[in-house]
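Take a look at the structure set out below.
Protein chains in written order, with this note's numbering: chain A, 3 to 120; chain B, 28 to 138.
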């Protein structure tokens, strides 16, 4: 099946550091990728929709200047947490939609990135 | 039950029992629903999906039931195994190419 690779799986950083998380579709082209955030024992909350070659669409309440998304190619989207603070500590998950299919039946998730900001 | 604060509803079953996990969705216009399994520290794993023109769909050991009248989904797992222990989420496609996830249910399977 299709594979979405997400790196790093875990990052620990000092407050004020910027952290970049990569999401790659390994065997398909993804015009659309999604970024989610998940706090412990809670559900996944959609942060933004990343479209190849255009600006990301952010959900209400998500700071676009804090969570910078770049989707420069059909196989790569990156999420940069700018000047991370302890409250940004969370599990970040990406998903990618197979370009060849028209519905979310084929939406594939990365393995997640656990961000811990000290 | 519904999630309150930081506590996920938990369903505890014995190995070999059948499990039923429930989910309420919010948007009556949603026409596509998916159940995901999430193990600790991992991304969600697709289990089974169903479209709104169906009320039941079966997979291997799993069945999803959809009741559009009351906006309710359920996931039935037959002969539950310890490896089924995880958190289960339903998700609805709101029609804007993005999924809204439910609050989740933790399934604990005892040997």
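We put the CB at the ideal spot given by N, CA and C, even for glycine.
Applying a beta-carbon distance threshold of less than 7 angstroms, which residues of chain A neighbour residue 35 (chain B)?
What you label residue 35 (chain B) is simply residue 8 of the second chain in a count that begins at 1. Under the 7 angstroms cutoff, chain A gives 43.
For residue 42 (chain B), which of helix, strand or coil comes out of DSSP?
Taking the first residue of the second chain as position 1, residue 42 (chain B) is located at position 15. Coil.
Look at residue 71 (chain A) and residue 52 (chain A) and say whether their C-beta atoms are less than 7 angstroms apart.
By one-based count along the first chain, residue 71 (chain A) stands at place 69. By one-based count along the first chain, residue 52 (chain A) stands at place 50. A contact, by the Cβ cut-off of 7 angstroms.
Residue from A:36, A:75 and A:66 whose Cα sits closest to the Cα of residue 55 (chain A):
As a position in the first chain, residue 55 (chain A) is number 53, starting the count at 1. Among A:36, A:75 and A:66, the Cα nearest to that of residue 55 (chain A) belongs to A:75.
When you compare only the Cα positions, how much space is there between residue 78 (chain A) and residue 65 (chain B)?
Working through the first chain from its first residue, we reach residue 78 (chain A) at position 76. Working through the second chain from its first residue, we reach residue 65 (chain B) at position 38. Spanning the two alpha carbons is a distance of roughly 23 angstroms.
For residue 17 (chain A) versus residue 84 (chain A), is the C-beta spacing smaller than 7 angstroms?
Translated into positions along the first chain, residue 17 (chain A) becomes position 15. Translated into positions along the first chain, residue 84 (chain A) becomes position 82. The answer is no: Cβ separation not under 7 angstroms.
Verify whether the separation of the beta carbon atoms of residue 96 (chain A) and residue 40 (chain A) is less than 7 angstroms.
Residue 96 (chain A) sits at position 94 when you count from the first residue of the first chain. Residue 40 (chain A) sits at position 38 when you count from the first residue of the first chain. No, they are not a contact pair.
Can you list, in chain order, the residues of its chain with a C-beta nearer than 7 angstroms to that of residue 22 (chain A)? Leave out the 5 residues immediately preceding and following it.
Locating residue 22 (chain A) in the first chain gives position 20, where the first residue counts as 1. Around residue 22 (chain A): 80 and 82.
Output, in sequence order along the chain, the residues in the stretch 99 to 132 of chain B whose CB is closer than 9 angstroms to any CB in chain A.
114, 116, 118, 120, 123, 124, 125, 126, 127, 128, 129, 130 and 131
Report the residue from B:59, B:133, B:69 and B:82 whose alpha carbon sits nearest the alpha carbon of residue 121 (chain B).
As a first step, residue 121 (chain B) is located in the second chain; it is residue number 94 there, counting from the start. Ranking the options by Cα distance to residue 121 (chain B), first place goes to B:59.
Span of the beta strand (DSSP E), counted from its first residue to its last, around residue 38 (chain A)
In the first chain, the residue the question calls residue 38 (chain A) occupies position 36. Note, residue 38 (chain A): beta strand (DSSP E), 34 to 40.
Residue 26 (chain A) to residue 86 (chain A), Cα distance in whole Å?
Here residue 26 (chain A) is taken as the residue at index 24 of the first chain, counted from 1. Here residue 86 (chain A) is taken as the residue at index 84 of the first chain, counted from 1. Approximately 23 angstroms, taken between the alpha carbons.
Would you grab the beta carbon distance between residue 82 (chain B) and residue 100 (chain B) for me? Rounded to a whole angstrom, and I think it's under 8 angstroms.
Position 55 of the second chain, counting from 1, holds the residue named residue 82 (chain B). Position 73 of the second chain, counting from 1, holds the residue named residue 100 (chain B). Contact doesn't hold; Cβ gap of about 10 angstroms is too wide.
Whose C-beta lies closer than 7 angstroms to the C-beta of residue 112 (chain B) among residues of the same chain, with five residues either side of it excluded?
Along the second chain, one-based indexing puts residue 112 (chain B) at 85. Correct list, in chain order: 134, 135 and 136.
Using only the alpha-carbon positions, how far apart do residue 93 (chain A) and residue 117 (chain A) sit?
In the first chain, residue 93 (chain A) corresponds to position 91, counting from 1. In the first chain, residue 117 (chain A) corresponds to position 115, counting from 1. Cα to Cα, residue 93 (chain A) sits roughly 6 angstroms from residue 117 (chain A).
Looking at the structure shown, is residue 76 (chain B) part of a helix, part of a strand, or coil, going by DSSP?
In the second chain, residue 76 (chain B) corresponds to position 49, counting from 1. Residue state, collapsed to three classes: strand.
Would you mind telling me which residues of chain E sit closer than 8 angstroms to residue 69 (chain B), beta carbon to beta carbon, in chain order?
Among the chains of the structure shown, chain E does not appear; the protein chains present are A and B.
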